[in-house]
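Some notes on the structure that comes next.
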Amino acid sequence: MEARKLLDALHVAEKLKDATRHCYTSGGRHESVAEHSWRLALMAWWLRDAFPEADMDRVVCMCLVHDLGEAFTGDIPAFDKTDADRRTEDALLDGWVSSLPAPFAGEMAALNREMNERQTLEARIFKALDGLEALVQHNESALSTWSENEYDLNLHYCDDRVGFSPALSALREAIREDTIRKINEEATSC
271 MEARKLLDAL HVAEKLKDAT RHCYTSGGRH ESVAEHSWRL ALMAWWLRDA FPEADMDRVV
331 CMCLVHDLGE AFTGDIPAFD KTDADRRTED ALLDGWVSSL PAPFAGEMAA LNREMNERQT
391 LEARIFKALD GLEALVQHNE SALSTWSENE YDLNLHYCDD RVGFSPALSA LREAIREDTI
451 RKINEEATSC
């Protein structure tokens, strides 16, 4: 990519450093969208041996770009995001992606389609990891930052996304155990 176009694209992506998510970090501040994407990509890289048949480099790319639309709209928690919100975010992202030079515009548009359709193994892995990373982050944050619906959400969210993979199912179960322990520890400390 030509230097000016690269800088222009990086300036848009930088907005994700300031776009905060609903969740808090273990240190007590709002997590940024960029931080979520970074750790999600790290999860995919570290789980590559669990999926020898998958193109995990592609999964890592999905992890890195999946929330770029939030540079335009900000983050809306999954439990609050409407179809209208998704359409707005997708339209703004599609407009920006189409302005990128070749081959990046085509590659990113194809990645976005693949992630939205969730038909490939790579897209299914990505989508499961995206939800699992959010659950891990919630378990790392103080319970005082959780909304009432998150107690149940942290116990059941992503169950429908992990069944195709023994490795992801095991990870989901370990996260659920951490959630139960966290909730029980709060109940006994009161």
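In the numbering used here, the protein residues as written are 271 to 460.
Glycine included, each C-beta is placed from N, C-alpha and C at the ideal position.
Indicate the three-state DSSP secondary structure (helix, strand or coil) for residue 302 in the structure shown. strand
Alpha carbons only, please: which of 380, 289 and 409 is nearest the one belonging to residue 422? The candidate whose alpha carbon is nearest that of residue 422 is 409.
Whole angstroms are fine: how far does the CA of residue 393 sit from the CA of residue 323? 13 Å
Per-residue DSSP class, three states only, for residue 426: helix
Let's see if you can read the secondary structure: which residues bound the beta strand (DSSP E) around residue 290? 290-294
Check whether residue 434 and residue 332 have beta carbons under 8 Å apart: Taking 8 Å as the cut-off, the beta carbon of residue 434 is found no closer than this to the beta carbon of residue 332.
C-beta contact flag for residue 310 and residue 403 at 8 Å: Taking C-beta atoms as the reference points, residue 310 and residue 403 count as a pair closer than 8 Å.
List the endpoints of the continuous alpha helix (DSSP H) containing residue 397. 391-410
Smallest Cα separation from residue 416: which of 295, 398 and 458? 295
Distance between beta carbons of residue 337 and residue 306, contact taken as under 8 Å: 7 Å
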